[in-house]
Amino acid sequence: PARGGRTRPAMEHGTSSAAALWGHEHLPLLARARSKDSVEYILQALWRTRRTGLDAADRAIVRDILQLPSDSELDPLLVCLRILIRRCVHDNIAKEEIPKLFPAEVLPELQRLLTLLLQKFQPEWREDTLKDQASAANSGTTKGHLSKNQDASEQPATTQIHCGTSSAKLSSESGEKEGKLPLAKDSLDKMLNDVYPIRG
Numbered sequence: 001p002a003r004g005g006r007t008r009p010a011m012e013h014g015t016s017s018a019a020a021l022w023g024h025e026h027l028p029l030l031a032r033a034r035s036k037d038s039v040e041y042i043l044q045a046l047w048r049t050r051r052t053g054l055d056a057a058d059r060a061i062v063r064d065i066l067q068l069p070s071d072s073e074l075d076p077l078l079v080c081l082r083i084l085i086r087r088c089v090h091d092n093i094a095k096e097e098i099p100k101l102f103p104a105e106v107l108p109e110l111q112r113l114l115t116l117l118l119q120k121f122q123p124e125w126r127e128d129t130l131k132d133q134a135s136a137a138n139s140g141t142t143k144g145h146l147s148k149n150q151d152a153s154e155q156p157a158t159t160q161i162h163c164g165t166s167s168a169k170l171s172s173e174s175g176e177k178e179g180k181l182p183l184a185k186d187s188l189d190k191m192l193n194d195v196y197p198i199r200g
């Protein structure tokens, strides 16, 4: 009995902590929306702004849809919906598994509505995610090449100093491919005149 008395509160605490983290208690606010299309708009707006967050105009529209006076009431719901969207898109959850994301406390009507909408958009959102990942990979590769080129171009003097003592060796190993970079005659003359001006 003593062991059970200790275990039960711990389990209850774990359950309540998970519920608080999930934030499902804020979902009933969606019932204030006037139509299914309004809830659909909110989900699409959250996906569209997944990297930037809702701007002031979007927030005003969503507050108006849900008849909420302030962002302090709106923000917990948005976090909850973003968690739902993220799990559907990134956790490889099958369409038929989406209803299992909702705790029993969420009203059945709301569960059905959100399930239908998430199932509707899941393929499109996953495709967007794959495109984002491919774009990020390409961008990272491009930045890597640019960074290497920039490093090489920013340190010619240092490279020349460090390699000066073994220039002959480097020249022989490279097959004289690079060789010396001859300056144009007029440029060389100008440099010499600047350093040693000709006096009449």
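Residue numbers (full-length UniProt numbering): 1 to 200.
Just so it is clear, CB atoms sit at the ideal spot from N, CA and C, and this is done for glycine as well.
Start and end residues, alpha helix (DSSP H) containing residue i
| i | result |
| --- | --- |
| GLN67 | GLN67 -> no alpha helix (DSSP H), and no H or E assigned at all. |
| LEU54 | Per DSSP, LEU54 belongs to no alpha helix (DSSP H) and is neither H nor E. |
Residue j beta carbon less than 8 Å from that of residue i
| i | j | result |
| --- | --- | --- |
| ARG32 | VAL89 | no |
| GLU40 | LEU117 | yes |
| GLN111 | PHE102 | yes |
| LEU74 | LEU46 | no |
| LEU29 | LEU107 | no |
| ARG59 | ASP71 | yes |
| LEU54 | ILE85 | no |
| GLY23 | VAL62 | no |
| ILE100 | GLN119 | Inspection of the sequence shows that residue 100 is occupied by Lys rather than by Ile. No, the pair does not count as a contact, with Cβ atoms beyond the cut-off. |
| ILE93 | THR115 | no |
| LEU113 | LYS36 | yes |
Contiguous alpha helix (DSSP H) assignments of at least 4 residues, all confined to the stretch 56-118
Those alpha helix (DSSP H) runs which fall completely within the stretch 56-118 and span 4+ residues are 56-66, 71-90.
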